[in-house]
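>
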Amino acid sequence: MDIVQITDLHLSKNKKNELHNINTYNSAKTVIEYVAKHEKSIDYLIITGDISEDSTMQSYSHLLDLLKPIKSNVYLMPGNHDSYEQIKLCCSRSTVKSDVFFSNDKWVIFMFNTKKEDSPNGFLKQDEMKIFKKLLSDNQNKNFMIFLHHHPVLIGSEYMDTMIIENAQLLIDLIKSHNNIKGVSWGHIHDVFETEINNAKLFSSPSTCFQSKPKSKAFNMDSNSYPGYRIINLDEKGMIETSVVRVKI
Ligand SMILES: [Fe+2]
Numbered sequence: 107m108d109i110v111q112i113t114d115l116h117l118s119k120n121k122k123n124e125l126h127n128i129n130t131y132n133s134a135k136t137v138i139e140y141v142a143k144h145e146k147s148i149d150y151l152i153i154t155g156d157i158s159e160d161s162t163m164q165s166y167s168h169l170l171d172l173l174k175p176i177k178s179n180v181y182l183m184p185g186n187h188d189s190y191e192q193i194k195l196c197c198s199r200s201t202v203k204s205d206v207f208f209s210n211d212k213w214v215i216f217m218f219n220t221k222k223e224d225s226p227n228g229f230l231k232q233d234e235m236k237i238f239k240k241l242l243s244d245n246q247n248k249n250f251m252i253f254l255h256h257h258p259v260l261i262g263s264e265y266m267d268t269m270i271i272e273n274a275q276l277l278i279d280l281i282k283s284h285n286n287i288k289g290v291s292w293g294h295i296h297d298v299f300e301t302e303i304n305n306a307k308l309f310s311s312p313s314t315c316f317q318s319k320p321k322s323k324a325f326n327m328d329s330n331s332y333p334g335y336r337i338i339n340l341d342e343k344g345m346i347e348t349s350v351v352r353v354k355i
């Protein structure tokens, strides 16, 4: 199974809107067109939140326009800037999906909604944890790949680490006790971070707009890093191959 992950598009109602001197619409357009041209054989495009900067209906309409060159299945989940209601609406009028999971005969792909109301922090919801645990117990012969918006481990950036998934330990405990959880990937940090816990590779994807300097006390724009995306290959034997692609804007 070949997946491309894009994240943190931060689209606004106004297509001319800039964040840290980057036009987020144009930047997302460049990355998505690059994916459409260079990653033709992918099965899924997964968007891990902060699709919108302002939660407006128009920003999600812009997303649907931008996704026109993509021929694969598209799944998305909310980030702290998103409106879950607008995401549901966006999915209801397109082929884009916001289901919590999908699977084949070897893998289960689970997508948590870590948005916490009125907070930039992440939080694992009880009902989704219940579904996830049931899938784990019903599919012991399958491997699990998880996508979510917020980071479940500390990344060493003081300001960003205040926004970690508050109850991430629930997920970390499951990774430690289940050898078939093979991967976890997130967005939100606008930076690439990679680590391992038990059998799982944990990693993030760069944003499609501005990048953040790693290991920073406060936010520091990383003007040396281009926007990008992550390629994730999940093989028949339960192994993950993954790499990051940067796109010059
Ligand atoms: Fe975020």
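In case it helps, my numbering puts the sequence shown at residues 107 to 355. We treat Cβ as the ideally placed atom computed from N, Cα and C, and that holds for glycine.
(1) From Asn285 to Asn120, what distance separates their C-alpha atoms?
(2) Measure the C-alpha to C-alpha separation of Val353 and Ile152 and round it to an integer number of angstroms.
(3) Indicate, with yes or no, if ligand 1 has a heavy atom lying under 7 Å from the CB of His255.
(4) Helix, strand or coil for Met251? Go by DSSP, reduced to three states.
(5) I'd like the ranges of any alpha helix (DSSP H) spanning at least 4 consecutive residues and lying wholly in the segment 163 to 245.
(6) Judging by CA-CA distance, which residue of Phe208, Tyr265, Ser167 and Met269 is the nearest neighbour of Lys248?
(7) Can you tell me whether Gly334 sits near ligand 1, meaning its C-beta is under 7 Å from at least one heavy atom of the ligand?
(8) State buried or exposed for Ala324, treating a residue as buried only when at least 16 other CB atoms are found within 10 Å of its CB.
(9) Relative to the C-alpha of Val141, which candidate in Leu340, Asp341 and Arg336 has its C-alpha closest?
(10) With the cut-off set at 8 Å, would you say Phe218 and Phe250 are in Cβ contact?
(11) Over what stretch of residues does the beta strand (DSSP E) that includes Asn132 continue unbroken?
(12) Can you give the Cα-Cα distance for Val290 and Leu276, rounded to whole angstroms?
(13) Measure from the alpha carbon of Phe309 to the alpha carbon of each residue in Cys315, Gln317 and Phe299, then state which is nearest.
(14) Name the two residues that bound the continuous beta strand (DSSP E) containing Tyr150.
According to the structure shown:
(1) Here residue 285 refers to the residue found at position 179 when the sequence shown is read from its first residue. Here residue 120 refers to the residue found at position 14 when the sequence shown is read from its first residue. Cα to Cα, the separation comes out at about 46 Å.
(2) As a working note, residue 353 is residue 247 in the sequence shown. As a working note, residue 152 is residue 46 in the sequence shown. Cα-Cα distance, rounded: 18 Å.
(3) Here residue 255 is taken as the residue at index 149 of the sequence shown, counted from 1. It does: the Cβ of His255 is within 7 Å (strictly closer) of some heavy atom of ligand 1.
(4) For the purposes of this step, residue 251 is identified with residue 145 of the sequence shown, where counting begins at 1. Three-state DSSP puts Met251 in a strand.
(5) 163 to 172, 190 to 198 and 232 to 244
(6) Within the sequence shown, numbered from 1, the residue matching residue 248 stands at position 142. Ranking Phe208, Tyr265, Ser167 and Met269 by Cα distance to Lys248 puts Phe208 first.
(7) Taking the first residue of the sequence shown as 1, we reach residue 334 at position 228. Checking every heavy atom of ligand 1 against the Cβ of Gly334, none is found closer than 7 Å.
(8) Here residue 324 is taken as the residue at index 218 of the sequence shown, counted from 1. Ala324 is exposed by the Cβ-count criterion.
(9) Walking along the sequence shown from the start, residue 141 turns up at place 35. Nearest of Leu340, Asp341 and Arg336 to Val141, Cα basis: Arg336.
(10) Locating residue 218 in the sequence shown gives position 112, where the first residue counts as 1. Locating residue 250 in the sequence shown gives position 144, where the first residue counts as 1. In this structure, Phe250 does not lie closer than 8 Å to Phe218 by Cβ.
(11) Within the sequence shown, numbered from 1, the residue matching residue 132 stands at position 26. That residue, Asn132, is in no beta strand (DSSP E); its alpha helix (DSSP H) goes Thr130 to His144.
(12) Start at 1 with the first residue of the sequence shown, and residue 290 comes out as number 184. Start at 1 with the first residue of the sequence shown, and residue 276 comes out as number 170. Roughly 14 Å separates the two Cα atoms.
(13) Counted from its first residue, the sequence shown places residue 309 at position 203. Among Cys315, Gln317 and Phe299, the Cα nearest to that of Phe309 is on Phe299.
(14) As a first step, residue 150 must be located in the sequence shown, where it is residue number 44. Looking at the DSSP string, the run of the beta strand (DSSP E) that includes Tyr150 is Tyr150 to Ile153.
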